[in-house]
Amino acid sequence: MVTPLSNPPPQGGRERGCASGETMTFRATVLTIFPDMFPGALGMSLAGKALAAGVWSLETIDIRDFGIGIHRQVDDTPAGGGPGMVMKADVLARAIDSAGADDRPRLLMSPRGRPLTQQRVIELAGGPGALILCGRFEGVDERVIEARGLEEVSIGDYVLSGGEIAALVVLDACIRLLPGVMGKAVSAQEESFAQGLLEYPHYTRPQVFEGRAIPEILTSGDHAKVAAWRRSEAERLTRERRPDLKTPEPDPASRENRSRKRPSDG
Ligand SMILES: C[S@@+](CC[C@H](N)C(=O)[O-])C[C@H]1O[C@@H](n2cnc3c(N)ncnc32)[C@H](O)[C@@H]1O
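In the working numbering, the protein residues as written are 30 to 295.
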């Protein structure tokens with residue numbers, strides 16, 4: 030059964046900057062044997078409000094509806110032997126085909142997939158949506174991955190019991206980037222990872238917490254110095270914690286700022 034979990038987008042939903050002036054919504058279709066896991070956390074907070082407002086839409090397809098026999102079997106023993114069960118190619122293909130043909134990427138949640146990056150999230154969020162297949166058991170028959178052109182996506186180097194939580198992660202990362210979802214407009218290009226940097230540390234009141242003061246520069250009112258401090262902190266944290274990230278050349282503005290720095294400056 031295909032279950033739409035949101036109302037059709039109202040007029041004035043997500044606007045794409047296309048020549049025809051066409052209005053489009055980010056459409057998510059999730060194929061799962063546990064449709065009740067959706068929208069889950071995505072029905073709350075900003076994502077939930079955006080769902081209700083039609084900024085994005087969600088439908089689930091219950092893979093069991095395409096299962097075989099009275100038990101609606103969706104899995105079978107692995108060819109070549111071994112433990113566990115494998116999701117059947119024929120069942121999955123029918124479930125995928127029931128979603129219809131369109132130009133959305135078809136993702137398969139998979140620990141052996143390409144690790145999800147903020148760059149890929151930005152690309153997905155800028156597109157028409159995604160069809161997401163959630164694996165269970167030992168995984169899915171390789172032939173359906175090839176036959177339906179599935180893009181394997183991993184959310185990290187660990188193994189979950191199913192793809193549903195991974196699908197929620199992918200969708201959450203995309204939805205927060207959709208126009209109008211975040212209260213205050215954020216530039217996707219300025220967040221962690223987008224520029225190959227982790228974010229700088231944040232502080233807020235009280236001025237002193239358990240003997241630890243907010244760094245003076247942040248309360249100096251000098252915006253250029255604050256920007257330079259944040260940049261250099263972001264670079265330091267990235268070097269220390271994620272040397273694998275491709276850090277761009279230091280920002281010329283912050284470099285200029287440092288070279289202009291007098292010994293008496295804080
Ligand atoms: C128990 S796992 C299968 C693990 C598989 N036998 C292996 O060793 O790679 C069942 C399903 O959970 C999902 N899954 C598990 N870990 C994941 C991860 N790190 N990223 C994305 N999906 C994951 C996939 O859909 C997978 O088919």
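The beta-carbon is built from N, C-alpha and C at its ideal position, and this holds for glycine as well.
Same chain, Cβ closer than 7 Å to residue i, five either side skipped, listed in chain order
| i | result |
| --- | --- |
| aspartate 132 | Pro157 |
| arginine 270 | Leu227 |
| threonine 89 | Thr32, Leu34, Val59, Thr61, Pro64, Phe67 |
| isoleucine 243 | Tyr232, Gln236 |
| aspartate 126 | none |
Straight-line Cα distance separating residue j from residue i
| i | j | result |
| --- | --- | --- |
| glutamate 171 | threonine 61 | 17 Å |
| valine 59 | serine 249 | 49 Å |
| histidine 252 | glutamine 224 | 21 Å |
| serine 86 | arginine 234 | 38 Å |
| valine 210 | isoleucine 99 | 43 Å |
| glutamine 236 | serine 261 | 22 Å |
| serine 183 | proline 134 | 15 Å |
| alanine 124 | glutamate 245 | 58 Å |
| glutamate 255 | histidine 231 | Looking at the sequence shown, residue 255 is not glutamate but valine. C-alpha separation (whole angstroms): 12 Å. |
| glycine 192 | glutamate 181 | 11 Å |
| valine 103 | arginine 93 | 6 Å |
| glycine 6 | glycine 178 | Here the chain has residues from 30 to 295 only, and residue 6 is not among them. |
| alanine 257 | glycine 96 | 58 Å |
| aspartate 91 | arginine 101 | 11 Å |
| glutamate 175 | glycine 164 | 15 Å |
| alanine 57 | leucine 200 | 8 Å |
| glutamate 167 | arginine 141 | 12 Å |
| proline 272 | methionine 138 | 27 Å |
| glycine 155 | methionine 53 | 11 Å |
| glutamine 147 | methionine 73 | 22 Å |
| glycine 55 | glycine 240 | Reading the sequence as shown, one finds phenylalanine at residue 55 and not glycine. Cα to Cα, the separation comes out at about 47 Å. |
| alanine 81 | glycine 212 | 16 Å |
| isoleucine 194 | glycine 109 | 29 Å |
| tyrosine 187 | alanine 79 | 30 Å |
| valine 198 | phenylalanine 238 | 33 Å |
| alanine 130 | arginine 265 | 47 Å |
Distance between beta carbons of residue j and residue i, contact taken as under 8 Å
| i | j | result |
| --- | --- | --- |
| cysteine 203 | valine 150 | 6 Å |
| threonine 106 | methionine 114 | 6 Å |
| arginine 189 | leucine 162 | At residue 189 the sequence reads leucine, which differs from the arginine that was named. About 14 Å separates the two Cβ atoms, so there is no contact after all. |
| alanine 128 | leucine 160 | 6 Å |
| tyrosine 229 | alanine 196 | Rounded, the Cβ-Cβ distance is 31 Å, inconsistent with contact. |
| leucine 71 | arginine 205 | Rounded, the Cβ-Cβ distance is 10 Å, inconsistent with contact. |
Contact set for residue i: own chain, Cβ-Cβ below 8 Å, skip 5 residues either direction
| i | result |
| --- | --- |
| leucine 274 | Phe222, Gly225, Leu226, Leu227, Thr267 |
| glycine 77 | Pro68, Leu71 |
| leucine 247 | Tyr232, Val255, Trp258 |
| glutamate 220 | Gln147, Glu228 |
| alanine 122 | Val173, Ala176, Arg177 |
Sheet register partners of residue i (DSSP bridge)
| i | result |
| --- | --- |
| glutamate 88 | Pro33, Thr58 |
| arginine 143 | Val182 |
| isoleucine 97 | Gln102 |
| phenylalanine 67 | Note: phenylalanine 67 sits in no beta bridge, so no partner. |
| valine 115 | Asp105 |
| leucine 80 | Per DSSP, none; premise fails for leucine 80. |
| alanine 242 | Val237 |
| leucine 137 | Leu162, Glu181 |
Chain-order list of residues whose beta-carbon lies under 6 Å from that of residue i (same chain, five-residue window excluded)
| i | result |
| --- | --- |
| alanine 118 | Asp170, Arg172, Val173 |
| proline 144 | Ser183 |
| glycine 50 | Here the model assigns glycine 50 a pLDDT of 43, short of 50, so the residue's position is not dependable, and the following value carries that caveat. Closer than 6 Å at the Cβ level, and outside the excluded window around glycine 50, lies no residue. |
| glycine 185 | none |
Restricting to runs no shorter than 4 residues, where is the alpha helix (DSSP H) found entirely within the stretch 146-186? 147-154, 171-176
Sequence ranges, beta strand (DSSP E) only - wholly within the stretch 190-231, length at least 3: none
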